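Numbering (our numbering), first residue to last: 1457 to 1969.
Below: one structure, written as structure tokens.
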Ligand SMILES: Cc1ncc(C[n+]2csc(CCOP(=O)(O)OP(=O)(O)O)c2C)c(N)n1
């Protein structure tokens, strides 16, 4: 078996059966091998940022890795932004990058680059395959490294001659690791604090923000009055009917600090002490009060949900009812704003939907309206690097073909990886994209003031305004093969969004907010 086939078969032996790729000459053996290894689903993306973001979205929804296949240093370079987001999401990703054949490398040919150096800052594990015979073992090691826990980007660099040479048998199946519970001492310490102190909060991140962890956290809240807070950039939060709501830490530090002002102790569950997104002149970066004490109930990569259940038992907390939140009412005759988009999405979201949220300055206006929606999963931008929402939607739809995916996309952000629309169309994914078209880098208006950079002069305005020329999302979307329409007011948006939810398949709505 040649190396390329050995790698694909090793991935399959490890349950990795999706490869998001944008190949070149050094990866031709992999492309050819796809016809001999039909069990591997290969999905083409037209820009590597889409491959990386889709692998992240897939991992968030399945807990396991997809593979990428990227072309040399430049292909990896295009993927870095979304690999950065995947790293912050703690998503397992097997990131396969082709390399020149070993004899060719010395000549510094046009595509030669230090791929390991490109990979290292976004990867938790990097290895260049040393010889063809090591291919199977190296691929298994990459899967094991990706799985963690916590999950990480494992970059496997494959010289072309090893992919075309005899490589021997495929590598072993690695045992899928279980997340470990914390030590009893951590649970006892948290229970003691909750029993004896008043202003205690639990900050949930990672897997603790899914149904099991949330239900256990609600029991703890019921028994102790502790506040349940959510890490703002956790990879996946289950929300809506049937799961308890949590307080999400706001974006701006003053609001976040005000929300947390009374806290004397914060118990961290798969989360770190919260910090603001940016540092501003005269503002501190930490969000909890300066004298707040911290305990770790579960570290990142541990079983936060299991730890919360243990804590609830320790406290003798009864299973509580999940408070009911009404579905939002549809806006009537209102202007089309981020809030009316939020109410409409909240009203129509079907059970089991997945929301890829890159709504940037519209996020605060939309978020509360989804609390009363049907049960769904919310996937935010984890690493602040925009251009993630559409690719994450692709990966989530590939992972969960029977769940509706809704991508809430600010127009500026959507322009970083619009090629994702082509993959949505080609794979006929059940994705509804809502473009929040304010024709501006709106958040930068606010940030300009906050950073003390000063007033927006006419030249600065040109760096923030997106009206000259205007992006036409209906034409752009159709150009990528996704049927689209424009909504100019709330009534049009309601009609179009309802229709998109009722049909299966790709659809884009440009909401002129
Ligand atoms: C990769 C990357 N490049 C640039 C930025 C800086 N940035 C943050 S938000 C933003 C503009 C966002 O505009 P849009 O997506 O239209 O959202 P709006 O603020 O209008 O809601 C930019 C350029 C970033 N976060 N990531």
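Note that beta-carbon positions come from the ideal geometry of N, C-alpha and C, so glycine has one too.
Only a predicted model underlies this, so the values are computations on that prediction, with no experimental measurement involved.
Every unbroken beta strand (DSSP E) within the segment 1790 to 1826, with a cutoff of 3 residues, ordered by chain: 1809 to 1814
How do the segment 1628 to 1635 and the segment 1564 to 1573 stand: do at least 3 beta-carbon pairs fall below 8 Å, yes or no? Below 8 Å, too few C-beta pairs join the segment 1628 to 1635 and the segment 1564 to 1573 to call them touching: fewer than three.
In whole angstroms, what is the alpha-carbon distance linking residue 1709 and residue 1928? 35 Å
Environment of ligand 1 in chain order, Cβ to heavy atom below 6 Å: 1537, 1816, 1817, 1818, 1840, 1841, 1842, 1843, 1866, 1867, 1868, 1869, 1894, 1896, 1897, 1898, 1899 and 1900
Residue(s) in a DSSP beta bridge with residue 1555: 1615
Which residue marks the beginning of the beta strand (DSSP E) containing residue 1507, and which one marks its end? Here residue 1507 belongs to no beta strand (DSSP E); instead the alpha helix (DSSP H) covers 1504 to 1518.
Spell out a yes or no on whether the segment 1756 to 1765 and the segment 1636 to 1646 are touching, meaning 3 or more CB-CB pairs, one atom from each, closer than 8 Å. yes
How long is the line joining the alpha carbons of residue 1578 and residue 1814, rounded to whole angstroms? 21 Å
Could you please give the first and the last residue of the uninterrupted beta strand (DSSP E) stretch that includes residue 1685? 1683 to 1686
Between which residues of its own chain and residue 1896 is the CB-CB distance below 7 Å, once the five residues before and five after are set aside? Same-chain partners within the cutoff: 1920, 1921 and 1922.
Counting along the chain, where does the beta strand (DSSP E) carrying residue 1894 start and finish? Run containing residue 1894: none; DSSP gives neither H nor E here.
Using CA atoms only, rank isn't needed, just tell me which of 1719, 1949, 1684 and 1891 is closest to residue 1745. 1719
Residue 1931: buried (16+ other C-beta within 10 angstroms of its C-beta) or exposed? By the 10 Å Cβ count, residue 1931 comes out exposed.
Spatially closest choice to residue 1871 from 1889, 1862 and 1883, by CA coordinates: 1889
First and last residue of the alpha helix (DSSP H) that includes residue 1750? Boundaries for residue 1750: no alpha helix (DSSP H) harbours it, while the beta strand (DSSP E) harbouring it runs 1749 to 1754, taken from the DSSP string.
Compute the distance between the beta-carbons of residue 1674 and residue 1706, then report whether it is under 8 Å. no
Residues near residue 1799 by beta carbon distance below 6 Å, same chain, minus five either side: 1784, 1787 and 1825
Would you kindly work out how many angstroms separate the C-alpha atoms of residue 1939 and residue 1879, rounded to a whole number? 13 Å
Three-state secondary structure (DSSP) at residue 1727? coil
Alpha carbon to alpha carbon, what distance is there between residue 1831 and residue 1807? 5 Å
Which of helix, strand or coil does DSSP assign to residue 1695? Three-state DSSP puts residue 1695 in a strand.
Cβ-based burial, residue 1858 [other Cβ within 10 Å; buried from 16]: Residue burial is scored here from C-beta neighbours: residue 1858 has fewer than 16 other C-beta atoms within 10 angstroms and is therefore classed as exposed.
Taking the alpha-carbon of residue 1721 as reference, which of 1866, 1795 and 1646 has the nearest alpha-carbon? 1646
Limits of the unbroken beta strand (DSSP E) element including residue 1583: 1581 to 1584
Quick one: give me the first and last residue of the beta strand (DSSP E) that residue 1914 is part of. Segment 1914 to 1918 is the alpha helix (DSSP H) holding residue 1914; no beta strand (DSSP E) there.
Tell me, please, whether the segment 1655 to 1663 touches the segment 1495 to 1502 by the rule of three or more beta-carbon pairs shorter than 8 Å. no
Does the beta-carbon distance from residue 1480 to residue 1520 come in below 8 Å? no
According to DSSP, simplified to helix, strand and coil, what is residue 1566? coil
When the distance is taken between beta carbons, is residue 1730 closer than 8 Å to residue 1687? yes
Give me the Cβ distance between residue 1553 and residue 1613, rounded to the nearest whole Å; I'm assuming they're in contact under 8 Å. 5 Å
Taking the beta carbon of residue 1566 as the centre, do at least 16 other beta carbons fall within 10 Å, making it buried, or is it exposed? exposed
For the alpha helix (DSSP H) that contains residue 1661, what are its first and last residues? Following the DSSP letters along the chain, one finds residue 1661 in no alpha helix (DSSP H), marked with neither H nor E.
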